[in-house]
Amino acid sequence: MNDATQPRERSFREGSLSERSRSWVVAGMAFCLVIIFLAVWVTYAGAHTYERFEQLPPGASSTIDDTTYRVVALRQTETVTDGEETHPAAAGAIWVVAEVEVTIPRKMETVPCSLLLVSDDRRAWEPQTSFYNRKLPQYCGDYDHPITPKKPWRLEQVFEVPARFKDRIYGLATPDPASSAPTKVLRPA
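Position one of the sequence shown corresponds to residue 1 (full-length UniProt numbering), numbered consecutively onward.
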């Protein structure tokens, strides 16, 4: 074959792609840009969003899914007694013991009892569940000990908190996963 009859390769600039192919390339690039934008936005939003809290007046109650919560007391201590055992807080920490009243309007199969201890800078702690012989239960009723409707059920939840937050406790939060409203934070009267 001589040079005149041999097919010549065309460069991209010379229009080697058909109009349809160019449209697909542009659509693919636009799709990739959208995916990159969404990835950056989701990462930013995840890193810069935080739980919103609304502190209620002292002694106020909060109702979630027909269950009413009221904080009776928030006590800070260096040690927690569990039956005959004494548990000191870890180094640089304190215990915060929350006494809570829960009231239900009717017999319920399960009563939500996921409360959080919150500080003034939106830090939150979950309760410890390793104590078994306290004077008050650490649960919202069970099959053997059901909560009586319209009668307050007292329970306590124990939180281990860094000691630097002992004067910055905001209260006990009652999260409501079904609502976008700020989480209610309760304080004792």
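We treat Cβ as the ideally placed atom computed from N, Cα and C, and that holds for glycine.
Near residue i, which residues of its chain fall below 6 Å by C-beta distance, leaving aside the five closest residues on each side in sequence?
i: V25; result: none
i: R52; result: P182
i: Q76; result: I94, V96, K166
Less than 8 Å between C-beta atoms, sequence neighbours within five positions excluded: which residues of the same chain meet that for residue i?
i: E78; result: P88, A89, I94, W95
i: K107; result: P146, P149
i: A124; result: E51, L116, L117, V118, A173
i: T86; result: T79, V80
Rounding to the nearest angstrom, what Cα-Cα distance links residue i and residue j in this structure?
i: D144; j: S61; result: 27 Å
i: Y132; j: Y44; result: 42 Å
i: R22; j: I36; result: 21 Å
i: I104; j: L117; result: 22 Å
i: V102; j: P162; result: 27 Å
i: V100; j: G46; result: 32 Å
i: Q55; j: G28; result: 49 Å
i: D176; j: R20; result: 52 Å
i: K135; j: L38; result: 52 Å
i: Y69; j: L33; result: 48 Å
i: E160; j: L186; result: 18 Å
i: A189; j: E109; result: 30 Å
i: P152; j: F31; result: 57 Å
i: Q138; j: E126; result: 12 Å
i: K184; j: E84; result: 35 Å
i: W41; j: L155; result: 42 Å
i: Q128; j: S180; result: 27 Å
Tell me the DSSP bridge mates of residue i?
i: L155; result: V100
i: E160; result: W95
i: I169; result: S119
i: W125; result: L117
i: K135; result: DSSP lists no partner for K135.
i: V185; result: Q55, A173
From the options, pick the residue whose C-alpha is nearest to that of residue i; which is it?
i: I64; options: A173, A189, V72, P188; result: A173
i: D142; options: K135, Y170, C113; result: C113
i: S119; options: T68, S179, K166; result: K166
i: V72; options: E85, E84, P58; result: P58
i: V80; options: S130, L186, S18; result: S130
i: R164; options: S16, D121, L17, F31; result: D121
i: I169; options: L17, E156, L74, V40; result: L74
i: D82; options: L17, Q157, K184; result: Q157
To which residues of the same chain is residue i closer than 7 Å at the C-beta, ignoring the five residues directly before and after it?
i: A178; result: none
i: T67; result: V102, I104, V111, P112
Length-filtered (4 minimum) alpha helix (DSSP H) runs lying within the stretch 30 to 114:
None, since the stretch 30 to 114 contains no complete alpha helix (DSSP H) of that length.
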